[in-house]
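S.K.:
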Amino acid sequence: MKITVITGSPHKNGTSALLADRFIEGAKEAGHNLFRFNSAFEQVKPCLGCDHCGLGRNKCIHNDSMNKLNPKLLEADIVVFVTPLYYFGMSAQIKAVIDRFYANNYRLMGSGKKALLMATSYDDNDWTMSDLVSHYKTILKYLNWKDAGILLAVGCGTRNDIEHTDYPAKAYQMGKKI
Ligand SMILES: Cc1cc2nc3c(=O)[nH]c(=O)nc-3n(C[C@H](O)[C@H](O)[C@H](O)COP(=O)(O)O)c2cc1C
Numbered sequence: 616m617k618i619t620v621i622t623g624s625p626h627k628n629g630t631s632a633l634l635a636d637r638f639i640e641g642a643k644e645a646g647h648n649l650f651r652f653n654s655a656f657e658q659v660k661p662c663l664g665c666d667h668c669g670l671g672r673n674k675c676i677h678n679d680s681m682n683k684l685n686p687k688l689l690e691a692d693i694v695v696f697v698t699p700l701y702y703f704g705m706s707a708q709i710k711a712v713i714d715r716f717y718a719n720n721y722r723l724m725g726s727g728k729k730a731l732l733m734a735t736s737y738d739d740n741d742w743t744m745s746d747l748v749s750h751y752k753t754i755l756k757y758l759n760w761k762d763a764g765i766l767l768a769v770g771c772g773t774r775n776d777i778e779h780t781d782y783p784a785k786a787y788q789m790g791k792k793i
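Number 670 in our numbering belongs to position 55 of the sequence shown; there are no gaps in the numbering.
(1) If we count Cβ pairs, one from each stretch, closer than 8 angstroms, do we get three or more for the stretch 703-710 versus the stretch 663-683?
(2) Once the 5 residues before and after N685 are set aside, which same chain residues still bring their CB inside 7 angstroms of it?
(3) Should N653 go down as buried or exposed, given a rule of 16 or more other Cβ atoms within 10 Å for buried?
(4) If you reduce the DSSP assignment to three classes, tell me which class L755 lands in.
(5) Using a Cβ-based criterion (distance less than 7 angstroms to any ligand heavy atom), does P783 qualify as near ligand 1?
(6) Would you mind listing the beta strand (DSSP E) stretches within the stretch 720-774 that are 3+ residues and don't spill past its ends, in chain order?
(7) I'd like the span of the alpha helix (DSSP H) that includes I618, first residue to last.
(8) Out of curiosity, what's the CA-to-CA distance linking T619 and G641?
(9) In chain order, what residues place their C-beta within less than 6 angstroms of a heavy atom belonging to ligand 1?
(10) Can you check which of these residues, D692, D739, I793, D746, is closest to D776 by C-alpha distance?
(11) In chain order, what residues of the same chain lie with their CB nearer than 6 angstroms to the CB of T735, ignoring the 5 residues before and after it?
(12) So is C665 buried or exposed if we call it buried at 16+ other beta carbons inside 10 Å?
(13) Does the beta-carbon distance from L689 to M733 come in below 8 angstroms?
(14) Looking only at its chain, what residues have a beta carbon closer than 7 angstroms to the beta carbon of L747, apart from the 5 residues adjacent to it on each side?
(15) Helix, strand or coil: how does DSSP classify R637 here?
(16) Alpha carbon to alpha carbon, what distance is there between E644 and D781?
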């Protein structure tokens with residue numbers, strides 16, 4: 616299967632990058648085709664809401680790294696969102712990418728894709744990730760995509776924290792079994 620992983624952290628070796636690394640390792644071992652897009656290290660301008668694209672009729676007026684992601688997004692069987700928790704939601708970097716789905720909205724909607732969510736946070740309250748998960752599920756409901764797994768690495772504020780948990784191993788297993 617074709618899997619597109621979209622990360623949202625500006626930390627190259629941070630907590631969520633580790634989950635992405637391990638997931639990709641497992642998925643590659645299982646024989647899948649992987650494409651990784653690190654939002655924070657790409658040029659992704661925010662959607663202007665100009666409606667020039669007509670939600671898919673015309674090309675977006677921005678000319679940036681989305682040109683590279685879009686074909687990989689459209690052909691993917693599975694899209695994996697990997698983000699640190701920022702004020703109880705996803706990071707601005709990955710949100711900017713999702714907003715730019717708008718230019719392919721009708722092609723992405725009902726395309727029958729599967730998706731996964733992986734997220735890391737400092738806090739570990741039972742409500743810490745509630746709004747992020749709710750947002751993710753609502754996006755999937757709208758796009759008619761199916762959830763294929765959620766990994767919430769709470770209580771993982773630093774790389775050292777997460778390395779002492781079984782979340783990286785869980786991410787690897789998610790990739791291996793997808
Ligand atoms: C701008 C910002 C907002 C954050 N908001 C939250 C939050 O709402 N809840 C929380 O538990 N941790 C929050 N954190 C902590 C990060 O989610 C946490 O450190 C995470 O492990 C960082 O992931 P990364 O290493 O992949 O960047 C925030 C960190 C930053 C920089």
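Note that the Cβ used here is the ideal one computed from N, Cα and C, for glycine as well.
M.R.: Reading it off the structure:
(1) no
(2) N719
(3) buried
(4) helix
(5) no
(6) 729-735, 761-768
(7) Unbroken run through I618 is the beta strand (DSSP E), 617-622; no alpha helix (DSSP H).
(8) 14 angstroms
(9) S624, H626, G629, T630, S631, A632, P699, L700, Y701, Y702, F703, T735, S736, Y737, D738, T743, C771, G772
(10) D739
(11) T630, S631, P699, A768, C771
(12) exposed
(13) no
(14) L700, F703, G704, M705, A734
(15) helix
(16) 19 angstroms
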